[in-house]
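30 is the number that the UniProt record's numbering gives to position 30 of the sequence shown; each next residue is one higher, with no gaps. Virtual Cβ for every residue (Gly too), placed ideally from N, Cα, C. Below is one structure, written out as structure tokens; comments come after it.
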Amino acid sequence: MPVIKSAKKKLRADARKKIVNLKVKIQMKSALKKFAANPAKEALAQAYSVLDTAAKKAVIPKGRANRKKARLAALLSKSAKSKPTPTKNVTSKKRRPAKISSQKR
Numbered sequence: 001m002p003v004i005k006s007a008k009k010k011l012r013a014d015a016r017k018k019i020v021n022l023k024v025k026i027q028m029k030s031a032l033k034k035f036a037a038n039p040a041k042e043a044l045a046q047a048y049s050v051l052d053t054a055a056k057k058a059v060i061p062k063g064r065a066n067r068k069k070a071r072l073a074a075l076l077s078k079s080a081k082s083k084p085t086p087t088k089n090v091t092s093k094k095r096r097p098a099k100i101s102s103q104k105r
């Protein structure tokens, strides 16, 4: 245990910060899991918001938040491409019969 008065105060402050940081981390993880389960623009916006909040409160570094956001966006575009798009039934064109040359050379 700390002996110096300022060290005791820092211990108390760290305990308070730990609780706040833990709440933000839980929100962040749940938003990321929700997005991973169902990649959609709404979930992406929510995840962006939570990551920006965590970076603003210095729970995670700003670069880590940006990296996670970039990877989420890539995951969304990848999942959008992998979804089968409805295509029209393409029928083959009927071929015309070959022309028979009736002229003599």
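So, are the CB atoms of residue i and residue j less than 9 Å apart?
i     : j     : result
Ala54 : Ala65 : yes
Ala31 : Val59 : no
Ala7  : Pro39 : no
Leu76 : Lys41 : yes
Let's test the definition: count the other Cβ atoms within 10 Å of the Cβ of residue i and tell me whether it reaches 16, buried, or not, exposed.
i     : result
Ala70 : exposed
Met1  : exposed
Lys56 : exposed
Lys94 : exposed
Lys68 : buried
Spatial neighbours of residue i within its chain, please: CB distance less than 7 Å, with the 5 preceding and 5 following residues excluded, ordered by chain position.
i     : result
Phe35 : Ala43, Leu44, Ala47, Leu72
Asn21 : Val59
Asp52 : Ala65
Within the same chain, show all residues whose beta-carbon is closer than 8 Å to that of residue i, passing over the 5 residues directly before and after it, in chain order.
i           : result
Lys18       : none
residue 185 : Past the edges of the chain, shown from 1 to 105, lies residue 185, and the structure says nothing about it.
Let me check you understand the geometry: is the CB of residue i closer than 8 Å to at least one non-hydrogen atom of the ligand ATP?
i     : result
Gly63 : Inclusion of the ligand ATP in the displayed structure is not the case, the ligand content being empty and no account of it being possible.
Length-filtered (4 minimum) alpha helix (DSSP H) runs lying within the segment 34 to 88: 41 to 56, 62 to 82
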